[in-house]
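Down below is the structure, laid out as structure tokens.
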Amino acid sequence: MGTNKMRRIIQAAGGILYRWKSENDRQAYADALATADSAADAATRSNVLNNIELCIVHRPKYDDWSWPKGKVDPNESHRHAAVREIGEETGIPVALGAFLGEIEYPQAEEGSKLRHTKDKTSDAKHVLYWMASPISDVDNMKRTHAFGPVHKADVGEINEIVWLTPAKARKKLTHSTDKDILALFVDRVQEGALDATPVLIVRHGKAEGRKVWRGTDANRPITPRGAAAAFALNYELSCFNPVRLATSPWMRCQETMEMLSWQTGHPMIALDPLTEDAYAADPEGAWTCLLSEIEFALDRRQATAICMHRPVIGGMFERLRPMCDSRALAKRLIVKTPFMPTGTAMALFVANMRSGPRIVDIQKVLPLVY
């Protein structure tokens, strides 16, 4: 009597790594974005698709040209795998940008030019893709303790990389599915994601219960479970390379961020208006504080992580929803309590447009904690 073979889904992640041909080209796009009526107009005015280059890798085993990607390791998120695999296959340290999309194809067609089989019984590879951009060697060194090591791929795995404009990249790519991801990348460019800066809203780790804690609320610490989540969250936050770490000065927020601060060497900046008491007394002051952090991040193109409390996050989401580029995007900033679980984050990708800061992508950031 025969047995049915269990279908296996191999999880993988990667991305489209892009760079500007020159800093002048990047500035021209930023200037166009800040003055155009839409991101699509800015992309056209600045000729942006001819002023960026995309990285494609050659795999000698399959003799194909594709986006850098690879399998997700045990106890690793897709997001972390994307940063690690891009770094391994290109030799370039990167930070993630907007999410692009996902594809799935039969594992047996790994090296095939056309991945078209619809067989739902054979083993398959499921790949998630992000936009990605290079970071400096100094930034990479600082985040290594939080992110973990990245080792260059063996020449037998990747033996050549090339940088091409999107139009030339499309002709060079071997696989139809990679061309589909390129189309999503171009869509993201039209939405303004190319020069967006990540602002990471972090909710502190699980804290000691109010009823059992005998000290002041400001000094209420996180629990061992909350500390584990905070430590694991660093692994995910480092994928975006935050170089400015800001926090409510209350103990549970500081304890959530202090390991990342210690690992990266970036100091924690205390934001007094973001405590629960300060927000209750002056919601407008809390929003002014957060908005200034967003504008600071945009002005310096610095990824920023900001840790705060549940009630404050709920109030900030109310203010952030009108900044979203679409109604569907705004719905990701959940209205009802608890807004976000403890020890998690939301990555907001913000672009500086004529109408002011605009959120063009939102990603949930969840730590792997068992």
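Note that the numbering used here gives residue 224 to position 224 of the sequence shown, counting from 1, and the numbers run on in steps of one. Cβ coordinates follow ideal geometry from the N, Cα and C atoms, glycine included.
If distances are taken between C-alpha atoms only, which option among the options comes closest to residue i?
{"i": "I56", "options": "V72, S22, A13, P166", "result": "P166"}
{"i": "A280", "options": "M268, G314, P68", "result": "G314"}
{"i": "A12", "options": "K364, N51, H80", "result": "H80"}
{"i": "V72", "options": "A218, S66, R319, V83", "result": "V83"}
{"i": "D63", "options": "E160, D31, L298, E258", "result": "E160"}
{"i": "L200", "options": "M251, E318, D361, D178", "result": "D361"}
{"i": "N50", "options": "A328, V186, A297", "result": "V186"}
{"i": "L291", "options": "M141, A124, L320", "result": "L320"}
{"i": "W130", "options": "V150, I86, K168", "result": "I86"}
{"i": "C239", "options": "G192, A98, G285", "result": "A98"}
{"i": "E236", "options": "A351, D137, F147", "result": "F147"}
{"i": "N352", "options": "T44, A36, T264", "result": "A36"}
{"i": "S38", "options": "P357, V369, P367, A227", "result": "P357"}
{"i": "P149", "options": "Q107, T197, V162, G91", "result": "G91"}
{"i": "I52", "options": "E89, E318, A34, K168", "result": "K168"}
{"i": "A297", "options": "P198, P367, D217", "result": "P198"}
{"i": "R225", "options": "T342, D25, I16", "result": "T342"}
{"i": "P371", "options": "A207, V212, G215", "result": "With the chain covering 1 to 370 only, the question about residue 371 has no answer from this structure."}
{"i": "N24", "options": "M6, S46, W67, D154", "result": "S46"}
{"i": "G156", "options": "H145, H78, K61", "result": "K61"}
{"i": "M340", "options": "S326, H78, H58, Q363", "result": "Q363"}
{"i": "K383", "options": "A305, M316, V369, L54", "result": "The structure shown does not extend to residue 383, since the chain is modelled only from 1 through 370, so no value can be given for it."}
{"i": "T304", "options": "R332, P322, A196, T216", "result": "A196"}
{"i": "H145", "options": "H266, A153, R214", "result": "H266"}
Let's see if you can read the secondary structure: which residues bound the beta strand (DSSP E) around residue i?
{"i": "N47", "result": "No beta strand (DSSP E) contains N47, which DSSP labels as neither H nor E."}
{"i": "N219", "result": "Element bounds for N219: n/a, residue is neither H nor E."}
{"i": "N352", "result": "345-353"}
{"i": "Y129", "result": "124-134"}
{"i": "L164", "result": "160-164"}
{"i": "W65", "result": "64-66"}
{"i": "M308", "result": "304-308"}
{"i": "L329", "result": "Premise fails: L329 lies in the alpha helix (DSSP H), 327-330, not in any beta strand (DSSP E)."}
{"i": "H204", "result": "Per DSSP, H204 belongs to no beta strand (DSSP E) and is neither H nor E."}
{"i": "K179", "result": "No beta strand (DSSP E) contains K179, which is instead part of the alpha helix (DSSP H) from 176-191."}
{"i": "K211", "result": "That residue, K211, is in no beta strand (DSSP E); it is neither H nor E in DSSP."}
{"i": "R8", "result": "Careful: R8 lies outside any beta strand (DSSP E) and carries neither H nor E."}
{"i": "G265", "result": "No beta strand (DSSP E) holds G265; DSSP gives it neither H nor E."}
{"i": "K69", "result": "69-71"}
Using a Cβ-Cβ cut-off of 7 Å (strictly less than) and excluding sequence neighbours within five positions of residue i, which residues of its own chain qualify?
{"i": "P311", "result": "E276, Y279"}
{"i": "V48", "result": "Y29, V189, L194"}
{"i": "Q254", "result": "T247, M268"}
{"i": "M259", "result": "A230, F231, N234"}
{"i": "V127", "result": "A12, A13, G14, K69, E102, I103"}
{"i": "C307", "result": "V202, H204, T247, S248, C253, T256, M257"}
{"i": "M1", "result": "Only weak support is given to the placement of M1: the predicted model assigns it a pLDDT of 44, under 50, and the value that follows is read from those uncertain coordinates. Closer than 7 Å at Cβ, skipping near neighbours: no residue."}
{"i": "H151", "result": "E88"}
My guess is that residue i and residue j are in contact by the Cβ rule of under 8 Å, so how many angstroms apart are they, rounded?
{"i": "A246", "j": "G205", "result": "About 17 Å separates the two Cβ atoms, so there is no contact after all."}
{"i": "I135", "j": "P93", "result": "5 Å"}
{"i": "L100", "j": "L164", "result": "Between L164 and L100 the Cβ distance is about 17 Å, and since that is not below 8 Å, they are no contact."}
{"i": "I294", "j": "K125", "result": "Not confirmed; about 38 Å, so no contact."}
{"i": "A218", "j": "W250", "result": "5 Å"}
{"i": "L173", "j": "S66", "result": "7 Å"}
{"i": "R143", "j": "N241", "result": "6 Å"}
{"i": "R8", "j": "D123", "result": "4 Å"}
Alpha helix (DSSP H) containing residue i: first to last residue?
{"i": "A246", "result": "A246 -> not in any alpha helix (DSSP H); beta strand (DSSP E) instead, spanning 244-247."}
{"i": "K142", "result": "137-147"}
{"i": "L291", "result": "283-300"}
{"i": "I86", "result": "78-90"}
Taking the DSSP output, what are the residues bridged to residue i?
{"i": "Q27", "result": "Beta-bridge pairing links Q27 to no other residue."}
{"i": "T197", "result": "V350"}
{"i": "Q363", "result": "A347"}
{"i": "Y105", "result": "K125"}
{"i": "Y235", "result": "None, per the DSSP bridge assignment."}
{"i": "E258", "result": "Partner(s): none; E258 has no beta bridge."}
{"i": "C324", "result": "I359"}
{"i": "A270", "result": "T247"}
{"i": "C55", "result": "W163"}
{"i": "R19", "result": "E53"}
{"i": "G97", "result": "DSSP, once it has assigned bridges, lists no residue as partnering G97."}
Please go through the same chain and pick out, in chain order, the residues whose beta-carbon is closer than 6 Å to the beta-carbon of residue i, but skip the five residues on each side of it.
{"i": "C324", "result": "A330, I359"}
{"i": "L271", "result": "A246, C289"}
{"i": "Q302", "result": "V243, R244"}
{"i": "V365", "result": "E236, A345, A347"}
{"i": "P273", "result": "G285, A286, C289"}
{"i": "A42", "result": "A32, L33, A36"}
{"i": "R26", "result": "W20"}
Excluding five sequence neighbours on each side, which residues of the same chain lie with their C-beta closer than 8 Å to the C-beta of residue i?
{"i": "S355", "result": "none"}
{"i": "S133", "result": "L17, Y18, R19, V94, A95, G97"}
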